[in-house]
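Line by line, the protein sequences give chains E and F.
Residues 0 to 164 in numbering that gives the first Met the number 0 are what the first sequence lists, from first letter to last.
Residues 0 to 164 in numbering that gives the first Met the number 0 are what the second sequence lists, from first letter to last.
Number of protein chains: 2
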Amino acid sequence: MNLSKRCEYGLRALIDIGIASELGRPRLQVSELAAKEKLPVKFLEQILSQLKAAGYVKSKRGKFGGYSLAKRMDRIKFGPVIRLIDGPLAPIRCVSETSYACCTCPDEVHCGLRMLMLDVRNAIAKILDRYTLAEIVEITLRKLHRDKVTPLFLQPSMRFVSILP
Amino acid sequence: MNLSKRCEYGLRALIDIGIASELGRPRLQVSELAAKEKLPVKFLEQILSQLKAAGYVKSKRGKFGGYSLAKRMDRIKFGPVIRLIDGPLAPIRCVSETSYACCTCPDEVHCGLRMLMLDVRNAIAKILDRYTLAEIVEITLRKLHRDKVTPLFLQPSMRFVSILP
DNA sequence: GAAAATCCTACTGCGCAAGTATGAATTTGA
DNA sequence: TCAAATTCATACTTGCGCAGTAGGATTTTC
Ligand code: FES
Ligand code: FES
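Structural data, given as structure tokens:
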């Protein structure tokens with residue numbers, strides 16, 4: 000039941016880009032992201048490259064380059080991103096919707112474990128395939144505002160700007 | 000989001016012992032279990048040994064030995080068994096109830112990923128910490144009976160015995 | 001043209017999952 | 001009492017995938 004570091008970092012980066020974007024800073028550099036999240040730069044670079052190839056972010060090269068979102072935030076669901084990086088959500092393949100594989104069980108239809116894990120898979124998918132980046136970003140922003148915390152990656156000049164109307 | 004083979008095999012064995020027990024055959028040998036579930040004998044042996052050390056099953060050595068349940072089926076929940084073999088249910092440690100560890104996130108309180116994963120963890124735990132072996136065994140038996148299938152590991156002499164009153 | 005960024009590919013280290021292998025200890029029945 | 005059948009204990013193997021590093025190529029801006 001584990002999310003890989005790779006996936007964790009990727010999602011954290013995605014959320015950060017989303018937040019920054021929402022605050023009027025649509026593009027972030029890998030080095031900024033890595034600094035804020037305290038992640039290895041080159042590793043994060045790789046991950047973003049993968050997210051780019053899958054169409055979640057786009058990049059600008061060269062000086063003042065960086066990464067920005069390639070689709071609307073409310074169209075980015077977490078499930079597919081996690082599947083991309085970590086593979087199926089299901090705890091065992093025989094209950095995976097997206098990449099089924101049969102197991103050695105003699106009777107899949109009457110397998111108790113399978114029933115149980117199907118339940119688990121559905122519970123996981125129900126959450127991850129429904130929540131969008133937009134929702135998470137919004138909730139996070141609201142929380143930050145309520146607690147009067149300023150998002151770290153903003154330029155000093157942009158701090159202390161009211162987030163909500 | 001993966002259940003290890005070790006854990007899968009362990010749970011399958013547990014369920015089988017539960018079913019057999021319910022049908023009046025409280026003790027099964029490793030070789031029987033391995034044959035029915037098509038698993039490597041020695042590997043399963045190891046796993047059962049671990050389950051024994053944790054108090055889920057007990058064993059009898061020597062000829063006609065084998066493994067049987069060490070506690071009431073309705074006291075065996077799946078969550079703890081999985082935690083024993085595979086570790087925490089939570090996708091990331093910062094949302095684990097049983098083995099928390101902080102991550103590199105600069106602000107755990109306002110971390111969007113953490114919120115999301117907390118939701119996932121709770122959904123998983125809600126299922127796995129509630130279902131008991133007794134329930135899974137019962138459901139399985141009902142299904143088998145409805146479909147008129149005879150559990151494989153019964154002795155020939157015991158087949159065709161009505162399962163339900 | 002220099003600096004600053006992304007892009008690309010290869011490589012590494014190493015820990016762990018998934019078993020194998022070997023033999024000792026225990027129980028039963030002949 | 002001995003042989004067979006079983007669990008118990010420990011050590012070993014093998015391969016793979018995670019979590020990065022390393023180094024340089026390419027693109028963009030000033
Ligand atoms: S575990 Fe997949 S069918 Fe039993
Ligand atoms: S992922 Fe653990 S606090 Fe952000």
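Idealized CB from N, CA, C, for every residue including glycine.
Every value quoted in this text rests on a predicted model; they were computed, and no experiment measured them.
Proximity below 7 Å, CB of residue i to CB of residue j
i      : j      : result
L83/E  : I123/E : no
T103/F : K37/E  : yes
V148/E : R120/E : no
L2/E   : I81/F  : no
A53/E  : L43/E  : no
M0/E   : M0/F   : yes
Given residue i as reference, the closest of the options once Cα atoms are compared
i      : options                         : result
P79/E  : L127/E, L43/E and C101/E        : L127/E
P39/E  : E7/E, M114/E and R74/E          : E7/E
L13/F  : A100/F, K147/F and Q28/F        : Q28/F
R71/E  : Y55/E, D85/E and G61/E          : Y55/E
I138/F : K4/E, M114/E and K41/E          : M114/E
R74/F  : K41/F, K62/F, V136/F and D85/F  : V136/F
S182/F : L117/F, G9/F and D85/F          : Nothing in the structure corresponds to residue 182/F, since chain F is present only between 0 and 164.
K76/E  : F63/E, D15/E, D146/E and A133/E : A133/E
G64/F  : S30/F, K41/F and K125/F         : S30/F
Contacts around residue i, its chain only, beta-carbon distance under 6 Å, and the 5 residues preceding and following it disregarded
i      : result
F159/F : Confidence in F159/F is poor, its pLDDT being 37 and thus under 50, which makes the residue's placement unreliable; the coordinate value appears in the next sentence. So the list is empty, once near-sequence residues are dropped.
G24/F  : This sequence places Arg at residue 24/F; Gly is not what is there. Excluding positions up to five away in sequence, the list is empty.
S98/F  : P87
K41/E  : none
Close beta carbons around residue i, own chain, < 8 Å, minus the five adjacent residues each side
i     : result
K51/F : K57, S58, Y66 and A69
D15/E : L27, L32, K35, E36 and F152
Cut-off 7 Å between Cβ atoms - residues of its own chain near residue i, not counting five sequence neighbours on either side
i      : result
R5/E   : I46 and I84
R11/F  : E36
P150/E : I18, L22 and L143
C101/F : C93 and E107
S156/F : Residue placement at S156/F is flagged as unreliable, the pLDDT there being 39, under the threshold of 50; a coordinate-derived value is accordingly withheld.
R60/F  : none
K62/E  : none
Across the stretch 102-119 of chain F and the stretch 103-114 of chain E, are there enough close Cβ pairs to call them in contact, namely three or more that are closer than 8 Å?
no
Any chance the stretch 128-140 of chain F sits against the stretch 19-27 of chain E, with 3 or more Cβ pairs inside 8 Å?
no
Curious, which full-length beta strand (DSSP E) runs of at least 3 residues does the stretch 50-85 of chain E contain?
Listed in chain order, they are 56-59 and 65-68.
Which residue spans inside the stretch 118-152 of chain E form an unbroken alpha helix (DSSP H) run of at least 4?
Inside the stretch 118-152 of chain E, DSSP marks whole alpha helix (DSSP H) runs of 4 or more residues at positions 132-145, from first to last along the chain.
Identify every run of the beta strand (DSSP E) within the stretch 5-59 of chain E, keeping only runs that are complete inside it and at least 3 residues long; order them along the chain.
56-59
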